[in-house]
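See below for the structure under consideration.
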């Protein structure tokens, strides 16, 4: 057992008495009732209140009420318990009990549908039980079932059986404590605890010492906590029994809370601590049952229930006045001179001094950790404190000022001779030493004291304070910054607007004079430049402290920390700020003092001391979306006006959070917003990622994201687009097919017409060739007649008549067989041979692969070529000449005809025609080329034609004509 004396000492060191006005929530602030039964934080950090009007969920801004309309079995719900799986259990007088997860209510009914009234709860890592007048019960298979203490007895039978067994064993003065987790039973008395298993088999016993005044009828509460620690609360203390280690500990309330007995007790087993709430007090233990903290609330009336949340905030409640909230920042901060208008803070000889208007000066004692009165006698009311200065040490006020040397105080007074009168001045606004002279700044004058005399240098209203920079005295005034030069005040940089603003603070550093203005923030001054810190604009700066590369500012809106930008002082940023929500007594700060990591902030209602290294200033905002789904779907008309709401779960700080958002992939830059609801209109169908960023005054930030699925309308879906695309493609294919058929039809008709025209043209060309051939033949016949060679003339005439007959027959046909072509060529060459007598020889060969009776050839095509070979090649040759014609099969559909002669060749023939006086040239070649073009255009034949001078290819003299025929099937 812990000795009472030790407990009392521990209580004195651990107890924390609230020193500020708390925040109250009642029906005026949105609660549906002031009747609060229980308080519990859920797994997500939201606060819940069990009331006679339902369950209330609080997020720091709004109260959300759950009643029977939302699924509760009973509005009058008095007990809350968070299990180790994160479910928030609720209990009321009903046949249903249950839990809440993600704002959804789950409820389960008793097996016999009877009404039960749970009083206490038991829980371990996996299960939760609750105790009512009908015994211990749990929820299994969606039903509330009784848990018998013994396998062979139900709870009602057990009570009767237990009394009988107690009498048999002499245990009438023992009280049973069941543990449904280990299925064990502890029987305790004043002297010992007996442990039995679930079937009443003895396990072990331990000794203990309980006050004899304990009475079973005054048991306030009981339950099972984490690690199988059982508690049983009486009106004077609480007994803890550890079923796991088989140990116990009795804790009397009087030793911890300076109270003899209580009529209400609440115990909460949290993850790392045990909270005991008794009226007016909150005790925090670890699971070794060691006290780690305690709080007392003597000045708060509604403190029947107390609860400390995971962030260190304390909540109090009762049945009449609602909820009282004490922020963690106020709990950890320390306050001095509460209720006193503390104007100035300063250090003299390593001692912190505070100046309180109308009272005097106080000195901080490191021993008592309090400010003790140092000196007063500063006059009547409205006696304002102006300065606390070191080296030399001065305490300056509106009525009296003092020098403080070696802990000795002496009043400062000046004897002035003004005209014929002597005056004594004891009140100043500032005192400055410079070059063996002392300057006293008053509200309307500056007095200079030298070793020889004390004189008034000048008179000017609105003077506030002075500071030495670069061995020069600068004076702050309500109309700007002045420099004392030649015992006169001059204004440097007169055209700079900031030097004309009311100045309320000055701080000198080696390179700059830092100037605090009344409403325009801070600027730095040196003899070269004035630079205004833009982000401080709007602040009234009562004090400037430069520490390393930052400025600390006491302003009308809290304490600000500015990180100096060495490359651009003007663009320096406020990187931290402290307000009432951080533990200050108020936001209007008169002065500040920094000691290592401690911040002292003086205000009109006292001094607050903050530990700047506290983890509560490093915690990022807990940002969440109001709708809990990972993806929000928007369909039909919802897509035109999309709204997404979010908030920060913070019961202390809701006013100093800056919000930004961006919507990927539409937005990549952060957009500032003043509201906690983001609206989007006319978003095109897509899946977007909405990111929300919350940044608090300490520059801690959190980013959360949610997917927004803007569902397309049916005609905007991929399937619909594919269908539309297929329909359009099909329609285009139909149009294309129609146009193609139409074009083909027109082309076919045109080809038919072209073929007809080409045939007519070929026929016309053939008709052109007939007179040419007839002319040559008649000339030959005439030649023989003139020579009186009658027999040759007759023979020639017979052959000529046969040839004319063939010619007229074949000229009417588009194509003839090669056999017919050979007959025609043979007759023609024989006639020419007669005309040329023995000078002309010819040779015709046909490849055996050519079927001369079946293979067709365009009619009358070879004859003009052979004619050119005879008339233009051999005619001008003195020697005998040879014309050879070769038919060769190249492949199944192609054959070739080569006409060769050994005449004079193309070049010499052209020279002869040029020298000829008649300059006559046959047009058979032109007709031939035109026929070939028409045949190729007719689409019936594909004919390649080539003519070469044999001298060009080193094959002697003459000409070679090559024709390749490919007949196109219709």
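Numbering (this note's numbering), first residue to last: 712 to 1681. Backbone N, C-alpha and C define an ideal beta-carbon position, used for all residues, glycine too.
Opening and closing residue of the alpha helix (DSSP H) in which residue i lies
i	result
residue 1516	1501–1522
residue 1624	1616–1626
residue 1042	1039–1043
Three-state secondary structure assigned by DSSP to residue i
i	result
residue 845	coil
residue 1667	coil
residue 1577	helix
residue 764	coil
residue 1592	strand
residue 864	Annotation note: pLDDT 49 at residue 864 (below 50); position unreliable, coordinate value reported separately. The answer is strand: DSSP assigns residue 864 an E or B state.
residue 1711	Limits of the chain in this structure are 712 at one end and 1681 at the other, which puts residue 1711 out of reach.
residue 1367	coil
residue 1680	coil
residue 1380	coil
residue 1326	helix
residue 1209	helix
residue 809	strand
residue 1247	helix
residue 941	strand
residue 1013	coil
residue 1563	coil
residue 885	coil
residue 1094	coil
residue 1426	helix
residue 1675	strand
residue 830	coil
Beta-ladder partner(s) of residue i, from DSSP
i	result
residue 963	948
residue 1134	1127
residue 748	In the DSSP output, where bridge partners are listed per residue, residue 748 has none listed.
residue 1612	1594 and 1670
residue 1254	1265
residue 1558	Paired residues: none, contrary to the question.
residue 1059	1062
residue 758	752 and 769
residue 669	As displayed, the chain neither begins before 712 nor continues past 1681, which places residue 669 out of reach and without an answer.
residue 1274	1261 and 1284
For residue i, the first and last residue of its enclosing beta strand (DSSP E)
i	result
residue 1194	1191–1196
residue 1547	That residue, residue 1547, is in no beta strand (DSSP E); its alpha helix (DSSP H) goes 1529–1547.
residue 1201	1199–1201
residue 1071	1071–1076
residue 1025	1025–1028
residue 1409	Premise fails: residue 1409 is in no beta strand (DSSP E) and is neither H nor E.
residue 1301	1300–1306
residue 934	932–936
residue 1161	No beta strand (DSSP E) holds residue 1161; DSSP gives it neither H nor E.
C-alpha gap between residue i and residue j, whole angstroms
i	j	result
residue 1335	residue 1389	13 Å
residue 998	residue 992	19 Å
residue 743	residue 764	7 Å
residue 1281	residue 1208	15 Å
residue 904	residue 984	25 Å
residue 1379	residue 1399	12 Å
residue 1662	residue 1618	9 Å
residue 1352	residue 1393	7 Å
residue 1403	residue 1414	6 Å
residue 965	residue 1012	20 Å
residue 1557	residue 1529	9 Å
residue 1245	residue 1193	22 Å
residue 1476	residue 1459	Only weak support exists for where residue 1476 lies, its pLDDT of 46 falling under 50; the value from the coordinates is given anyway. Straight-line Cα distance between these residues: approximately 25 Å.
heavy atom of the ligand NAP below 7 Å from residue i C-beta
i	result
residue 1594	With respect to the ligand NAP, the structure offers nothing, as it holds no ligand at all.
Contact belief for residue i with residue j at Cβ below 8 Å, rounded distance in angstroms
i	j	result
residue 1560	residue 1607	With 8 Å as the limit, residue 1560 and residue 1607 do not qualify as a contact, their Cβ atoms being about 12 Å apart.
residue 1614	residue 1667	Not quite, the Cβ-Cβ distance comes to about 10 Å (not below 8 Å), so this is no contact.
residue 939	residue 892	6 Å
residue 1100	residue 1070	No, residue 1100 and residue 1070 are not in contact; Cβ-Cβ is about 19 Å, not under 8 Å.
residue 825	residue 806	6 Å
residue 1297	residue 1314	5 Å
Cutoff 8 Å: residue i Cβ touching any chain C Cβ
i	result
residue 818	Among the chains of the structure shown, chain C does not appear; only one protein chain is present.
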